Structures are given as C-alpha cells and as structure tokens.
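K.L.:
Residue numbers (our numbering), protein chains in the order written: chain Y, -11 to 483; chain D, -11 to 483. Okay, handing you the structure first.
2 protein chains.
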Amino acid sequence: MNALEKYNHTQEQLRNYRYAANIISFDEATVCPKKDKRRSNEVSNYFSKLELDITSSDEYFYNLEKILKTLNVDEITKKKIEKEYKELEKIRRIPKSLLFSEYDLISETTVSWEEARESLDYSIFEANLSKLVNMEKERLSYLENKYKGYNVLLDEMEEDFTMEDYDKFFDLLEKELKPILNKILSLPKKYNEKIKDISFDIDKQKKLTKMICDLMGYTNEVGVVAETIHPFTNGINANDVRTTTRYEEKLLFSNLYSVMHEVGHATYELQVDPIYSETSLGGGASCALHESQSRFFENVIGRSKEFVTYLYPILKDLFKEELKDYTFDDIYYYINDVSNQFIRTEADELSYPFHIIIRYKIEKMLFDGTLEVKDINNKFNELFKEYFGVEPKNKKEGCFQDIHWSSGFGYFPTYALGSAIASQLLYYMKRDLDVDKLAKEGNLDPIRLWLKEHVHKYGASIKNKEVIKKATGEEFNPKYYIDYLKDKFEKIYNL
Amino acid sequence: MNALEKYNHTQEQLRNYRYAANIISFDEATVCPKKDKRRSNEVSNYFSKLELDITSSDEYFYNLEKILKTLNVDEITKKKIEKEYKELEKIRRIPKSLLFSEYDLISETTVSWEEARESLDYSIFEANLSKLVNMEKERLSYLENKYKGYNVLLDEMEEDFTMEDYDKFFDLLEKELKPILNKILSLPKKYNEKIKDISFDIDKQKKLTKMICDLMGYTNEVGVVAETIHPFTNGINANDVRTTTRYEEKLLFSNLYSVMHEVGHATYELQVDPIYSETSLGGGASCALHESQSRFFENVIGRSKEFVTYLYPILKDLFKEELKDYTFDDIYYYINDVSNQFIRTEADELSYPFHIIIRYKIEKMLFDGTLEVKDINNKFNELFKEYFGVEPKNKKEGCFQDIHWSSGFGYFPTYALGSAIASQLLYYMKRDLDVDKLAKEGNLDPIRLWLKEHVHKYGASIKNKEVIKKATGEEFNPKYYIDYLKDKFEKIYNL
C-alpha cells in the first residue's frame, strides 16, 4: 500500500470506530436499560480511545506528513489531511497517558453529576471536578504557544476568540442591556400566568413536534426525534442527524422550542456539503456557529411575533380545550417573558447572555487561580444575585444545573457568541429575503436554503471567522445582537 | 503477557466489537433514519468481520490450545474456552474468503427481501437466494463429518437433531394432528368475527404492554420494548435484553401475544447465570430451547383459558368502549381460532407446526437438489393447499413472508421443536406448581423462577439435550405436545 492507500484504509477503520462510539452514546442516552449504562459508557469510551490511539501514533502522523509532502492529491483530500495534521500536531504534544486519564475522569465526573442530581449531594462530583480543573491545567500547559492558560481553552472551543474578545463583548452587553433587563424585571407580567399550569396532552405535543419538523424539512429519512431528559443533537453523518426532546404535560412550550433549537442544529449538519461527511471537514465550522443556527431557529424565528402569528391558530386548534381561555398576547408574551428564573436553558433571550457571563466569570477565575471548585457555589450565587436580584436555592438549580463542566470548560461563552451571530445573520438575511413575511406564512424553506448557501454548506472546510465574513461581509459585530434585543424587548415591554 | 492474559485481552476486544455490532443492529432496526440504514448495516458487518478475523486466526486458536493444554484455569474459564475452541475448529475448516462473502451476501439478500416486500418484485431476492443456497452448500461441504448435507445445517442450528429426528417428529404430528386440524377447519367460527375490525387506541395498547411486562418481571432496569415492523429480541448482556413489538389499531391481540413471546425470550436470557454474560456460554442453550420459552409464555400461559380469565376484566376495563359488545368466549375463542390464514407468526397453536413442516420440506428439497429457488413458490403453494386447502395469493403472504431465509436455512424446524419442548416442560412444571391457579391469578413469578431453576440458569454451559433431560428427567418426547394440543383444541371445539 502506498501512503494514500494506507491513509484511506485507516480512515475506514476510524470512521467505523467513530460511528460505533456515536451510536452507542446515542443509545445510552435514549433507550439503553439502566443497568447497562455503565457498560455502554465503557464501550463507547473504548472506541474513542482506540481512535485516539491510532491517530496519535507516529505511524499515522508521519504518513499524513508523507502524503502532504510527496503526493499530489486532490484539493479536498489535501484540506482534510491538513486539518487532521494540524490537530494532531497539537494532540501529540500532550502525553497519551494524560489524555486517556482524562477520558476516564470525564466519564466518572459525568456519572457523578447525574448521581448528585438525584441525591443533591455534590461532594463526589465536586471532588471529580477539582481533579478535572487540575488535569485541564496540566493539559493546557503542553499547548501554550500563541495563547496562554484559559485562552488556550477558549481558542480550542472557538478559534481565535480570546478573553480579550469576550471581555469586550460581554462588557458591551452589560453596558447596553443590563439597564433594560433591570427595568423589565421590575415590571408586572404581561400575560395570564395561569398558562404555566396548563396540562397539555403528550400525544398532541408529539403531533406538534411532527408538524414543526415537517415545517423545518426534518424527516425520518435523515433524522429522528427521540426522548431524553436533556435534549441534544447527534450528527452521525450526512444521512443521519438525530435529535432528542423531552415531553412533560406542563412543558409544551419548553418542548416546542427545544425541538426548534435541536432541529436548528440538525439543519446545519444536514446541509453541509455531503462530500465532507464523516471527515475532519464535516459538521459545523465551530461551536458558536452551531449555536447560532439552533438559536436562530429557536429564537430569531421561533419566538418572533411573526412566527407566533403563524403558530397561534395551529396551537389553538390542536389544544382547543387547554388554550380556550388564552389569547395570542398570552402566548407571545409568555414565551418572551423576561424573568429571573434560575435555569439557563429556560432563559428568555434578554437574560440569556447574563447566565453565560456568570459562567464565563467563574471559568476565568478557576483558571487564573482566584477561585477553587469548592467556592463555585458561593461565587455563582453572588453573581446571580448581582444580575438577577435573587439567589438559587441549591446547586441543582444553581451552579451545577448544567452537565457541561463534567466534560470540560470554555464552552459556555460560545453560546452567547452564537446568539449574537444569529442576529448578525438575520440582519443580512433580511437584505435578501422578507423574513418577517416568510415566518408569518410558516414558510421556512427559503430561510433554510439561505443558511445553507451562506453558512451550512462549508461545513468545517473553512474557519469560523471566515464563515461569518462570507455570510455577512464583515467581522463578528455585536451591534446587531444589541439592536435586535433592544428593539424586540422595548416593543414587548413598551419601554 | 502469558497465554491467559493474552486471551483475556482479546476477549475484551471481542466483547466490545460484539457489543457495538449488536447495538448498531438494534439501532438500525428501531430508530436509525432510513437513508443511514445501509451504512449502519455496513458498520455492524465490519465489526462482525473483525471478530471473525481475530477468532479464526492461527494466533488466537493456538493460544486457546495452549491454555487448554498447559495452564490450570478455573472450571468456568475452561468450559468457555473449550466451547470456543470446538466452534473455531469447525469455522477454521471453511475458507475465510467464503465466510466473508457470505456475510456480504446475507446482508444483500436481507435488503433485497425488504425491497421486494415493497415492490412485490422478488426477482433480485430470488437471485440472491439462489446464490445463498449454493454458497451454503459449498460451506457445508467443508463441514461434513459426523453429518452430511442438510443434516450439517440442522446440527448447527440444533445440535444432534437430524432429518431422521425431524421426519419422525413431523410424521407423528401429521398422523395425530392433521385429522383434527382438517375437521376443525370445516367448523363454523365460535366467536363474533366483528372482533377483528375493532380499532384499539394505541396509547391504551401501550399501557397493556407495560402491564404485561410488569407481570412478567421485565422492567426498564434491564429491558425495553421498542417498535419495529417485525418484532424480535436482542440479548446484549446480563443487564440488557431488548425486545420490540408493533402497534396497529386493529392488532391488539397480535401485539399482546408478540410482547409475551418476545419477553419470553428475554426472560430466558435475563435468567442465565450472569457469570456467563458476554461469553461463549451466555445466551440460551439452543434455538429450540429459546423458542420453547417464548412460546411457553405466549401460548401455554398466554392463550390458556386460565390466563385469559385473569386478563379478561383487565381488557374489559382498559378497552371499555371497544370491547363492550364482546364476551369472554369471544376473546378466548378468537385468540385460539384455528384457521387457514397464511401468516406463520399469526398461526394458532394447532396449525403452527404445519406451517413449519411446509418450510422444512422445502429446505430439505433445496439441499438434496430436488428443488430450485425459482420453484419454491409453486412448491410452497402446493404444500399449503395440501395442509390448509387454500393457496396464498402472492409470495409476500406465501413462500417469502418470513425474513429467515435471507440469512440461511435450518432454523424453522427448531420452532416446532421449541413448541413441543414447551409442552413437555409444562407437564413437569405441573408436578411442582399449580400452573392453572397461578395463571388464573396472573402470578407468573413462580413460573418464571421454576424456568430459571430448571432451564434458564445454565445458559449455554450445557447442551440442548442435557437441558431437556435435567428439566424433565427424560429425552425430548413429542407425546406431551400432541396430548397438549389435542386436549386443548378438542375442548375448545367440543370434538
């Protein structure tokens, strides 16, 4: 076998290991019987480690080098290999034993987080989390080069976005939006609050899910909406991107917007040029871009007055009895209710970035050594009070409500960035399309196609910043986000 | 590493490959989006081939030999290795290229069977099936030793049961039961036939499924009932045995008995001594024994007058509206209706063995060269007419209604054998337990524990014939089956 044949042969192996790890993880989260979950975890980990074992080997690495240096390969193959090579150059600086230990620790930390949520005893989780912070610091020490410390992590999650960038971005949000947030939090509710207590038939909720999926062009040819407590999206390949949601009688709107969010993620993955499927150039270009797509569908479209106008008669018809005493305003104001509730994933668009800022500040302090894991809870509550005027009652609805820290840090800030990118995209999309009219008609196809053409099709073949530039003609610019939020919530609350 | 360490290391690898192949297959059948099914198939095949590649290697084989000859290992490890060794001795006689080609052909044949069911054009499937018969003949040629031809296949499926045994068994069934079958087929129906047209709410059917699973001690700790068109059971390990069923509004009873059937299989797997889990001694002792357990719960218990007595008020309560015009007799006689309908899986207990005999006769002729694949349809219809007086309208409800032949031959006769073993077990169980009373009370726990103690716990650590002997004190004896069927149906039809 020559170097390219060798590469292709190993790629097949790696693709299959990855496929297995993906499916087993999805299975674990959805249908796997409880007693088999540990084993399931073990097996998906096994395949992830096999993958790492192969790709981090000298043999694999020098073969990539050989191809790049000596062979004439087509442009796309070259790009794929270059991207892999660059990533492996980084990974190979870290001792393999450390990487393997971290796989195991992450798996343990995740399990202990789940267990803590049941017992409300976070001691084991916190012990694991402390170890994870230390292990991450050690890992980062091998990677310091262009960036140092927490910036290495931020760059890993969102290339070339650093503390400097986020500080600037978040300071601007604080300056421009916090006064509005504070003002709105002191106003009375604009909807009949009994809407929170309605029980919505689960079967009808499933019909609504189906309807929303159809509207978004997400079918069982290429997708599925399974059920989990924490909804997520899992992109297997160009023909298979799975989502999950959660059904509870009282949580119709939570389900509705969770579906739009996850199917937003799925739409991105499914519209990537299939030529990149199951390679280093597949999937989204970055975390923030991925989040921009989910939040675009969930919020920018889903919670817009126009789309709710489209949805209202459908909801009234489907939930005739349940919604008979509620008006359009009740629904529209309820789903855009600015509140100081504790749960990030339930947050309205205006308070959302502040949930992120709290987490970002804590992460920064964990990595500059000014905060220890045992003090996260106090710091979180202090910050929450500062922004929202209230304090969470416990860690489950406070500092440890999210699963994310079980597997690492640096992810949260990309969420706020994603929301902001969504607004920037909207601004430019409106130059080409009458988005308001389309949303009012429930005609999402042109919107989906615009995103395919300007964002999705590239997959990870170009960098995050390049995608933003190509789609909007300018760099990331938070102005659109601030304008969008101000405009929307000033109107809703007649400020 | 010494030989045993090497063995254990490879075992871990094999267990993980098998776990992956199993989960991916289950996923493919249940939630996998349509467009990814081919890829899913490809990946599970990949892991099955990897497994075969390792176990059929000289290195692995001679290492087993080394352990058996030179090391002192505990009794169970020895048994596991001996069983593997024996199986590999066989497999190693077959050229690996043939085995691999057969994996691919089976996969193709299965897909073409599924496609033919949609188009009703069986030409591609039949071409594949012809190839498969030839490939099987070639494979068997390497294995002839104690047995020749079709007997090698029968022995593979059910050790030491040969054409001689089945011929004797089936001749006896024809002699003893065919006259009764013929007589009953000429009698009028004993129930209100409108029961076939009732639509049963799917949600309530799901409640019934849950109730039956609870009754059978099958919980989401260790199991799940997913949905597929063709129900099956997939035993992953001691903590995870999955089943599937199918919901259709008109098919309440079909779903009910399918659940009891599959959970019967699952009960077997779950009650095997966990020490054998994920090894060569795990799972059931044989195909026929497995089928004896599923059909025990489905028919011997599930369709008994006593269990239906228990179930009747539950059904009447759950389906108040749907069943308001139907009596106990309507239900009991309907679910035991002896009929000449075409579908094997829907067959009543009395006609069931004749569905099997037809398939057995066709398989025998395929392998002794007196029948070609292209003539299966005519032969099937001819035989069906002989036994049931009618002819299937097409291949979909006739000769190719089952998926089984897509992956090989020799399996069907074990179904009839399993049904017969179930009756033999019932006879001896009744010496220890008041089975009728327990069924009437819906108290299935003592029955399940009896089966654990006398059949299940052994797993595959002892042979099929040994299990029968241990459980009943005698060899396989078809007398109990004939007595059981005669007694039951003579009573029902007042013969």
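Glycine included, C-beta positions come from ideal geometry on N, C-alpha and C. Keep in mind the model is a prediction, meaning the values are calculated, not measured.
(1) If you scan the region 66 to 119 of chain D from start to end, which runs of the alpha helix (DSSP H) of 4 or more residues do you find wholly inside it?
(2) Quick one: is F220(Y) near chain D, going by C-beta distance under 9 Å?
(3) Counting only the same chain and skipping the five closest in sequence on each side, list residues whose C-beta sits under 8 Å from that of T150(D).
(4) Nearest to A404(D) by alpha carbon, out of E441(D), D390(D), Y340(D) and L421(D)?
(5) What beta strand (DSSP E) runs, 3 residues minimum, are completely inside the region 206 to 261 of chain Y?
(6) With a Cβ-Cβ cutoff of 9 Å, do G386(Y) and N365(Y) count as a contact?
(7) Exposed or buried, what is I323(D) when buried is set at 16 or more other beta-carbons lying within 10 Å of its beta-carbon?
(8) Determine the direct distance from the alpha carbon of E152(Y) to that of A9(D), and round the result to whole angstroms.
(9) Give the secondary structure of R291(Y) by DSSP, where H, G and I count as helix, E and B as strand, and everything else as coil.
(10) Taking DSSP as the reference, what is the three-state secondary structure of Y446(D)?
(11) Helix, strand or coil for M353(Y)? Go by DSSP, reduced to three states.
(12) Taking C-beta pairs closer than 7 Å, name the residues in chain D that I224(Y) reaches, listed in chain order.
(13) Would S407(Y) and E337(Y) qualify as a contact pair, given that the criterion is a beta-carbon distance under 9 Å?
(14) Residues in its own chain within less than 7 Å of V455(D) by CB, not counting five upstream and five downstream?
(15) Can you have a look at E351(Y) and say buried or exposed, based on whether 16 or more other CB atoms are within 10 angstroms of its CB?
(16) Whose Cβ in chain Y lies nearer than 8 Å to the Cβ of Y35(D)?
(17) So, does the CB of R234(D) fall closer than 9 Å to a CB anywhere in chain Y?
(18) Identify the contact partners of D15(Y) in chain B, using a Cβ-Cβ distance below 8 Å as the criterion.
(19) Under 8 Å, with one C-beta from each stretch per pair, do the region 29 to 38 of chain Y and the region 23 to 42 of chain D reach the 3-pair mark?
(20) Hey, how far is the Cα of T18(Y) from the Cα of H249(Y)?
(21) Start and end of the alpha helix (DSSP H) containing P401(D)?
(22) Out of L165(D), K119(D), S44(D) and K78(D), point me to the one whose CA is closest to K474(D)'s CA.
(23) What does the alpha-carbon distance come out to for the pair L528(Y) and N287(Y)?
(24) Output the distance between the C-alpha atoms of L131(D) and K78(D), rounded to the nearest integer angstrom.
(25) Counting only the same chain and skipping the five closest in sequence on each side, list residues whose C-beta sits under 7 Å from that of D424(D).
(26) For E124(Y), which of helix, strand or coil comes out of DSSP?
(27) For S187(Y) versus P219(Y), is the C-beta spacing smaller than 9 Å?
(28) Of all Cβ atoms in chain Y, is any one closer than 9 Å to the Cβ of G211(D)?
(29) What separation, rounded to the nearest whole angstrom, lies between the Cα atoms of I69(Y) and L59(Y)?
(30) What is the C-beta distance between E237(D) and I190(D), in whole angstroms, given that I count them as a contact (C-beta under 8 Å)?
(31) If we ignore side chains and look at the alpha-carbon of each, how far apart do I112(D) and E90(D) end up?
(32) Assuming the contact rule is C-beta atoms closer than 8 Å, D363(D) and Y179(D) should be a hit. Round their C-beta distance to whole Å, please.
(33) Taking all protein chains shown into account, do 16 or more other C-beta atoms lie within 10 angstroms of the C-beta of I289(Y), making it buried, or fewer, making it exposed?
(34) CB E266(D) to CB Y7(D), shorter than 9 Å?
(35) Taking any Cβ of chain Y, which residues in the region 187 to 202 of chain D have a Cβ under 8 Å from it, in chain order?
(36) Can you tell me whether I331(D) is buried or exposed, with buried defined as 16 or more other CB within 10 angstroms of its CB?
P.N.:
Straight from the coordinates:
(1) 84 to 107
(2) By this cut-off, F220(Y) is not an interface position.
(3) Y135, N139, L142 and D143
(4) The shortest C-alpha separation from A404(D) is found at Y340(D).
(5) 211 to 215, 221 to 225 and 228 to 233
(6) yes
(7) I323(D) should be labelled buried.
(8) 47 Å
(9) The answer is coil: DSSP assigns R291(Y) none of H, G, I, E or B.
(10) helix
(11) If DSSP states are grouped into helix, strand and coil, M353(Y) belongs with the helices.
(12) Against chain D, a Cβ distance below 7 Å from I224(Y) picks out D24.
(13) yes
(14) A273, L277, V443 and Y446
(15) buried
(16) In the sequence under discussion, the amino acid at residue 35(D) is Phe, which differs from the Tyr named in the question. For F35(D), the chain Y residues whose C-beta falls within less than 8 Å of its own C-beta are N4 and A8, listed in chain order.
(17) no
(18) Checking the listed chains, one finds no chain B in this structure; the protein chains it contains are Y and D.
(19) no
(20) 18 Å
(21) F400 to D420
(22) L165(D)
(23) What is shown of chain Y runs -11 to 483, which leaves residue 528(Y) out entirely.
(24) 7 Å
(25) E294
(26) helix
(27) no
(28) Taking Cβ atoms only, chain Y reaches closer than 9 Å to G211(D), which makes this a yes.
(29) 12 Å
(30) 6 Å
(31) Straight-line Cα distance between these residues: approximately 17 Å.
(32) So it is not a contact: roughly 38 Å between Cβ atoms.
(33) buried
(34) yes
(35) Answer set for the region 187 to 202 of chain D: D191.
(36) Residue environment for I331(D): exposed (fewer than 16 other C-beta atoms within 10 angstroms of its C-beta).
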